[in-house]
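Quick note on numbering: the working numbering labels position 217 of the sequence shown as 217, and the sequence is numbered without any gaps.
I have placed the structure first, in the form of C-alpha cells, so that the comments after it can refer back to it.
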Amino acid sequence: MHNLLKAEEDLLETNGGAVAPILIVDDHSLLAGSLAMVLAAEGCAVRTLKATTIEQLQAEILERPPALTLVRIQPGPSLARSLDLVETAASAEATVAVLSDSTHELLLSAAVNAGATGLVASSDLMIETVDQILAMVKGEQLLSEFRRNELLSLFRTHRVDRDNRFMPFESLSRREGEVLCLLMEGHSVAKIAESSFVSVGTVRTQVKAILRKLGVNSQAAAVALAYRSGWPDADPALPVDLRLRNMNNPVG
Numbered sequence: 001m002h003n004l005l006k007a008e009e010d011l012l013e014t015n016g017g018a019v020a021p022i023l024i025v026d027d028h029s030l031l032a033g034s035l036a037m038v039l040a041a042e043g044c045a046v047r048t049l050k051a052t053t054i055e056q057l058q059a060e061i062l063e064r065p066p067a068l069t070l071v072r073i074q075p076g077p078s079l080a081r082s083l084d085l086v087e088t089a090a091s092a093e094a095t096v097a098v099l100s101d102s103t104h105e106l107l108l109s110a111a112v113n114a115g116a117t118g119l120v121a122s123s124d125l126m127i128e129t130v131d132q133i134l135a136m137v138k139g140e141q142l143l144s145e146f147r148r149n150e151l152l153s154l155f156r157t158h159r160v161d162r163d164n165r166f167m168p169f170e171s172l173s174r175r176e177g178e179v180l181c182l183l184m185e186g187h188s189v190a191k192i193a194e195s196s197f198v199s200v201g202t203v204r205t206q207v208k209a210i211l212r213k214l215g216v217n218s219q220a221a222a223v224a225l226a227y228r229s230g231w232p233d234a235d236p237a238l239p240v241d242l243r244l245r246n247m248n249n250p251v252g
C-alpha cells in the first residue's frame, strides 16, 4: 500500500498528528464540496477536482501528488470515464477509493479491477463516510483481501460470460450489424432495401450472412438472440466489463 505519510512537505499537522493530502474527484460538486468541508474540519488537507478528462487528473496529480484519491463512480453513461479516472489515479501509486451510492456488485468489482483499494458508500450518513475515509488516511484497509479477491473473481467470471454472449455478434460486419438493428426495430427486408437504396436481393444476402454467423435459422431467431444477449445496447467497442447498460438502474 502506498505510504500515506511518505513526504513531510505533503503533511498537515493537526492536533499533534500528521494528515495526508486528499484529492476528491467528482462531477457532483455539492457532494464533493460538503465532504471536503467536513474532512477539512477534521484536519485533512483536501482539494476537489471536477475532472472531465484523464489529462486533467494526470496534470493535477503530477502538480500536487495526493496520498489518497477519492473518485466518485455512478451507474450510467459516465461509468466508463469514471473507471478510467480510477485507473489513472491508481497508476500514480496513490491509494484510491471510490465513492458510490450504488451497491451493484458488478460496478464495485469493476472499480476494484481498475485499481481501487477502498469502497466508500456515499449514501451512508456523512459521519460514517468521513470515518471510513479517515480510516484509510490512517492506513487501515477498508477492503479485506478476501473481499477483494471475491470481487475480482466476480469481475473475471462476468467478463468471460459477456465475451461468450457477444462473441457471435463480433463477427458481423458493420453493415450486417445495421441490418440486424433494423430487423430488431421491425423493418422488413423490402423496407430495409428501400431505405438503403439497394436491391432486396442484396439485403437478403446480408440477412443470410447474419443468420449463418449467429448460428440461427430465421430472422425471428436472430432478433430474439440479439435481445436476449443485450445487443446492440452493449457497445462492442467498449471493454466487456463496461457493457452494463442495466447499471443505469442500480441495484441496492
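Where a beta carbon is used, it is the ideal one built from N, C-alpha and C, also for glycine.
Since we're looking at a predicted model, the values are computed, not measured.
Asp27 Cβ short of 6 angstroms to the ligand ZN heavy atom set: Judged by which ligands are present, the structure shown has none, so any question about the ligand ZN falls away.
Own chain, CB closer than 7 angstroms to Ile192, minus 5 neighbours either side, in chain order: Val179, Leu182 and Val203
Minimum length 3: unbroken beta strand (DSSP E) runs contained in the stretch 200-234: none
DSSP bridge partner residues for Leu62 (one or two, in chain order): Among the bridge pairs identified by DSSP, Leu62 is matched with none.
N- and C-terminal bounds of the alpha helix (DSSP H) containing Thr95: Note, Thr95: premise wrong, no alpha helix (DSSP H); beta strand (DSSP E) at Thr95 to Ser100.
Inter-residue Cα distance where the pair is Ala59 and Ala92: 11 angstroms
Between the CA atoms of Val120 and Ile127 - distance to the nearest angstrom: 12 angstroms
Terminal residues of the beta strand (DSSP E) in which Ala121 lies: Gly118 to Ala121
Exposed unless 16 or more other CB atoms sit within 10 angstroms - verdict on Gly115: Counting the other CB atoms within 10 Å of its CB gives Gly115 a total of 16 or more, which places it among the buried residues.
Beta-bridge pairing of Gly68 - partner residues as DSSP gives them: According to the sequence displayed, residue 68 carries Leu and not Gly. Its beta-bridge partners are Ile22 and Thr95.
Three-state secondary structure assigned by DSSP to Val160: helix
Status (buried if at least 16 other CB within 10 Å, exposed otherwise) for Asn113: buried
Which of helix, strand or coil DSSP assigns to Thr48: Strand at Thr48.
Coarse secondary structure for Glu128, derived from DSSP in three states: helix
Ser109, buried or exposed, once every other Cβ within 10 Å from all chains shown has been counted against 16: buried
Pick from Asp161, Thr69 and Ile210 that is closest to Lys50, judged by C-alpha positions: Thr69
Spatially closest choice to Val25 from Gly43, Arg81 and Arg148, by CA coordinates: Arg81
Cβ contact (3+ pairs, closer than 8 angstroms) linking the stretch 162-170 and the stretch 95-108: no
Secondary structure of Ile192, DSSP reduced to three states: helix
Rounded straight-line distance, which links the Cα of Glu105 to that of Leu270: Past the edges of the chain, shown from 1 to 252, lies residue 270, and the structure says nothing about it.
Separation of Lys213 from Ala224, as counted between CA atoms: 15 angstroms
Backbone secondary structure at Gly177 - three-state DSSP: helix
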